[in-house]
Amino acid sequence: MAHGEVKHDYHLVNPSPWPLLGSLSVLVLALGGVNFMKGLFGMEKGTVWLLALGFAMVGWVMIGWWREVIKEGKIGDHTPVVSIGLRYGMILFIASEVMFFVGWFWSFFEFAIFHGARVGETWDAANPLFADALSKFSDWPPVGVETFDPFHLPLINTLILLLSGTTVTWAHHALQHDDRSGAKLGLLVTILLGMAFTALQVFEYSHAQFSFDGTLYGSAFFMATGFHGAHVVIGTLFLIVCLLRLLMGGMSAKKHLGFEFAAWYWHFVDVVWLFLFAFVYVTPYLALGAGH
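This is the structure we're talking about:
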């Protein structure tokens, strides 16, 4: 029915098991995460097999489902109208990701601007039990927190990510002009730069002078930069799949929605990092220098 004679430009998809399998996979992944962190169904905390099964199932569904989407594009189901709908979907997905990071920035700004008022209204400063805690929140970043110098390794990572934004644009432009060799080279360089960014961030974390659970600053810093790092890893995998498809003869100057979406996603990762660099690295560093 989906591929029969139709008089419209829309794609009526065939019945598919992937939505149901995807839901079950996410459920197994969630249960595996709870079991790993807290223990579940009588299993010992830290048991990893259910979590690994969840990741494997999610990966299997992603590969299978997206392979079906690629096949639909090859047989002509992705008409101009359908392609516009797919673009709208990717735009909405990126918008949802933007709001995800807005939540982290919001919490970071709240910690930075209203830390004294919030803690002062919550606890009695005269109580000796809380006097030490209050003194640590009288400044931002809290006393005892040694922030990263943003103009050393974080600046290098910023330049790496900005450079990767130019190389992915080069690759996209090359593919639009049917320069497949240039597209492959640009993609390869972008992937290598993404890997370099991730490696440097891991190295940076290993030299942090504050912990994840030690202060609000540490929690906010690692959650914001850590989730961005996860997005860099996901974006790198996205680009690797595009490179493999190019090497196998897939995509063309007129048909490369997957590559276009990968480029959009990568630029989103770039822009988010600029805000992180400015407000999570530079601003606290300068505030600490002015206050101490």
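Using the UniProt record's numbering, you'd call the opening residue of the sequence shown number 1 and step up by one each time.
All C-beta atoms, glycine included, are put in the ideal place defined by N, C-alpha and C.
Which residue's Cα is closest to the Cα of residue i: the options?
i, options, result
"residue 220", "48, 140, 94, 33", "140"
"residue 204", "230, 148, 159", "148"
"residue 14", "72, 275, 264, 211", "72"
"residue 165", "184, 264, 87", "264"
"residue 172", "197, 103, 56, 253", "253"
"residue 196", "211, 222, 159, 107", "159"
Decide if residue i is buried, meaning its Cβ has at least 16 other Cβ atoms within 10 Å, or exposed.
i, result
"residue 177", "exposed"
"residue 247", "exposed"
"residue 281", "buried"
"residue 89", "exposed"
"residue 79", "exposed"
"residue 186", "buried"
"residue 66", "exposed"
"residue 39", "exposed"
"residue 144", "exposed"
"residue 152", "exposed"
"residue 32", "buried"
"residue 109", "exposed"
"residue 307", "The chain is shown only over 1 to 292; residue 307 falls outside these bounds and no answer can be derived."
Would a C-beta distance cut-off of 9 Å place residue i and residue j closer than the cut-off?
i, j, result
"residue 49", "residue 168", "no"
"residue 228", "residue 101", "yes"
"residue 224", "residue 105", "yes"
"residue 257", "residue 188", "no"
"residue 25", "residue 54", "yes"
"residue 157", "residue 209", "no"
"residue 69", "residue 21", "no"
"residue 161", "residue 273", "yes"
"residue 29", "residue 58", "yes"
"residue 114", "residue 183", "no"
"residue 9", "residue 98", "no"
Within its chain, find whatever has a CB closer than 8 Å to the CB of residue i; leave out the 5 residues flanking it on each side and keep chain order.
i, result
"residue 284", "112, 140, 141, 147, 217"
"residue 269", "161, 228, 231, 232, 235"
"residue 154", "148, 204, 277, 281"
"residue 35", "41, 43, 45, 47, 50, 51"
By Cβ distance, which residues of its chain are closer than 7 Å to residue i, with the 5 residues on each side in sequence left out?
i, result
"residue 191", "236, 239, 240, 243"
"residue 163", "193"
Which runs of the beta strand (DSSP E), 3 residues or longer, sit entirely within the region 19-48?
none
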